[in-house]
Amino acid sequence: QLTISNFAIIDRLEIGFKPGLNILSGETGAGKSIIINAVNLILGGRASADLIRSGAEEATVEALFSLGSPSAMPALLAELGLPAEGDELTVKRHLARNGRNRILINGSMANLQMLARVGLMLISISGQHEHQRLLKPDNHLFLLDDFGGLSDLRLELNERFRAHQELLERGRALERAIKKAEEQQDLAQFQIREIDGADVQTGEDRKLEEEKKWLQHAEELKQIMNEAYQQIYDREEAVLVQITRCWKTLQRGAEIDPRLRKPGESLAGIKVGLQELALELRDLQDTVTHDPARLEQAEERLQLLHKLKKKYGPALEDVLRFRANLSGQVLDLDRQREELKRVQAQIKEAETALLAQAEALSLKRQAAAKKMEKAVMQELNLLDMAGTRFGIHFFEKAEASQGVAGLKADGFDQAEFMLSPNVGEELKALARIASGGELSRIMLALKTILARTSSVETVIFDEVDSGIGGATAEVVGDKLQSLAAFHQILCITHLPQIAGKGATHFLVKKKVVADRTQTAILELDAEARVKEIARLLGGKVISREALAHAKEMMGMN
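Positions 562 to 1118 (the numbering used here) are the ones given, in order, by the sequence shown.
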């Protein structure tokens, strides 16, 4: 069932298509192609605000599908993270002028990629686009694979090919990385030797700076210490001499006034402290020596450390971290070489499997091509193209012995459909010689033979009657009728011979409501069908003869 709202010149349509062959007819411009455009949206077609009916802010297309049994759809929905609803599936597409378009599958939000995958399992449209597709040799191999039931094998080969390409790229990336690392290896080894040779210790530069300062001022320090020692201890007016004199004075005073005993004791403590300080200064003098050789050594060491910090720093800690990274680079290079060996082994193994599968698929295609040629010619014979020869030409392919150089994602093969419409003529490329009518019948023949294996529930034929008429149209109608035993068929046609074969017939027409043109669709009863087919036979003025002929076409006589 298809529901369309505010789409192009459609205000609102509800169409309940039936099983079997559904015919859609109507005057040119009535809106039949608009309905197909709406279906294309459901299949993931391009959306545009231009499709929204004038005066509306949003357009909606909704389709309800009845799924066959068994169906692969539940598995696909599960893979996409979408809910399943038994044997039914709903697809809804909203178009908004503000660009906030939405896609709903069974009520859950979905994206275009999901919709396209779901749509491929629901509907196949055979129209002008399909005819153009038939003219492109690149598509012929896919049609052959569909006929031969080889699509899954082709997809497996695609996956193997993709995995092989990824391995090749991984190998190339490793080779580039190894080459770059090897170019840097000599420099890295030099840097390692330079840093290791310096035997750098954390904080060493700070200690050396302190030592350098001390060594540079050794004489001055010794003089300062000696001066302080002299002032405290070793002069007539030294501090210690004066304090001793003061202490003795307080000792005498304490004999008179006991209160002076405590200050005297405090001064005695100061005296002892000064004596210890003087001895410490004297001992420190002995540790201070003027050592030009050690000063030169410290300065040279600091220069070396400064050079390393300038190159790898700014601090010694950074130099040591840089050294650790160099070790990691060397280890990484070793690991990369080992990884490259593993990848090269995987590439060799993958190539063996890839070539074997491609060769096996090629052989199956050769066998399927012979069967397809025979099946298509049988169908073309039934479609009033007796004497027409159909062939599948395989271009010279790369042999497995040549490796994978000539192998593509779809295998070794390149195939093209060939046609000889006249007896005695050689086969020529289909794209070069087929007329519009021949293309329509070839496409119908392909659809017929593919119907036996296709899982698509609904097939739409748009312009199937292009370039044909008369007895050929009658044959095409019969073929569509037989195809409807396998699928639900929707067929847009202008030919009464085809319309008369329908199980259900819809009339698409324009009407004016409140000064606005709208597209309407009606399911015709038997009487209305007779009139519509008579119109297709004779135009606007319907004669008794046309009505009688229409009944005859419908098998009502």
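From the three backbone atoms N, C-alpha and C, an ideal C-beta is built for every residue, glycine too.
Enumerate in chain order the residues of its own chain whose CB-to-CB distance from residue i is below 6 Å, with the five nearest sequence positions on each side excluded.
| i | result |
| --- | --- |
| A961 | Confidence in A961 is poor, its pLDDT being 49 and thus under 50, which makes the residue's placement unreliable; the coordinate value appears in the next sentence. Correct list, in chain order: L916 and E920. |
| A610 | R658 |
| G1063 | L582 and I584 |
| G709 | A929 |
| E623 | T564 and K653 |
| A1045 | G581 and L582 |
| L821 | L811, G814 and A815 |
| E575 | T564 |
| F1047 | A1012 |
| Y873 | V880 and F883 |
Quick one: Cα of residue i to Cα of residue j, how far?
| i | j | result |
| --- | --- | --- |
| N667 | A599 | 18 Å |
| G581 | D706 | 27 Å |
| L681 | L604 | 7 Å |
| K579 | R993 | 38 Å |
| L811 | D795 | 23 Å |
| Q836 | Q752 | 56 Å |
| N700 | E1035 | 29 Å |
| I1010 | I686 | 16 Å |
| V1025 | A724 | 41 Å |
| I664 | C1052 | 26 Å |
| R903 | E910 | 11 Å |
| E730 | I739 | 14 Å |
| N942 | G985 | 16 Å |
| I908 | L728 | 6 Å |
| G1061 | M933 | 30 Å |
| D1076 | K593 | 21 Å |
| V679 | A636 | 11 Å |
| S1016 | I684 | 10 Å |
| A774 | R896 | The sequence shown places Lys at residue 774, rather than the Ala named in the question. Using only the alpha carbons, I get a separation of about 48 Å. |
| L901 | R737 | 11 Å |
| A1095 | A1032 | 17 Å |
Go through its chain and collect everything with a Cβ distance to residue i's Cβ below 8 Å, but skip five positions before and after it.
| i | result |
| --- | --- |
| P644 | L638, N667, G668 and S669 |
| T1065 | F578, K579, G581, L582, N583, I584 and E1084 |
| N567 | R573, I613, R614, A617, E619, A620 and T621 |
| V937 | F951, I1003, A1006, L1007 and I1010 |
| Q1079 | I570, I571, D572, K1071, K1072 and V1073 |
| K832 | L801, I804, T805 and W808 |
| K989 | M979, L980 and S981 |
Pull the bridge partners of residue i from the DSSP assignment, please.
| i | result |
| --- | --- |
| A599 | Per DSSP, none; premise fails for A599. |
| I1059 | Answer is none; I1059 lacks a bridge partner. |
| I804 | Looking at the DSSP assignment, I804 forms no beta bridge with any residue, so it has no partner. |
| N983 | In the DSSP output, where bridge partners are listed per residue, N983 has none listed. |
| M670 | L665 |
| H1066 | I584 |
| E1084 | F1067 |
| R1105 | According to DSSP, which records beta bridges pairwise, R1105 is partnered with nothing at all. |
| E623 | T564 and K653 |
| E977 | H954 |
| Q1049 | T1019 |
| S685 | V1020 |
| T913 | For T913, which the question treats as bridged, DSSP gives no partner whatsoever. |
| T1078 | V1073 |
| A990 | M979 |
| I613 | F568 |
| G972 | K969 |
Within 10 angstroms of the Cβ of residue i, are there 16 or more other Cβ atoms? Answer buried if so, exposed if not.
| i | result |
| --- | --- |
| S615 | exposed |
| S888 | exposed |
| I817 | exposed |
| P631 | exposed |
| P1057 | buried |
| T1054 | buried |
| Q784 | exposed |
| Q1049 | buried |
| N601 | buried |
| T589 | exposed |
| L869 | buried |
| G1100 | exposed |
To which residues of the same chain is residue i closer than 7 Å at the C-beta, ignoring the five residues directly before and after it?
| i | result |
| --- | --- |
| G825 | W808, L811, Q812 and A815 |
| S627 | D648 and E649 |
| L845 | M786 |
| R1090 | H1066 and M1115 |
| L704 | L1007 |
| Q777 | L856 |
Open item on the list: To test your reading of the DSSP string, which unbroken alpha helix (DSSP H) runs of 4 or more residues are found completely within the stretch 809-885?
Closed with: 822-848 and 853-873
Task: Continuous beta strand (DSSP E) assignments of at least 3 residues falling wholly in the stretch 748-783 - done: none
Task: Complete alpha helix (DSSP H) runs within the stretch 1008-1039 (minimum length 4 residues, chain order) - done: none
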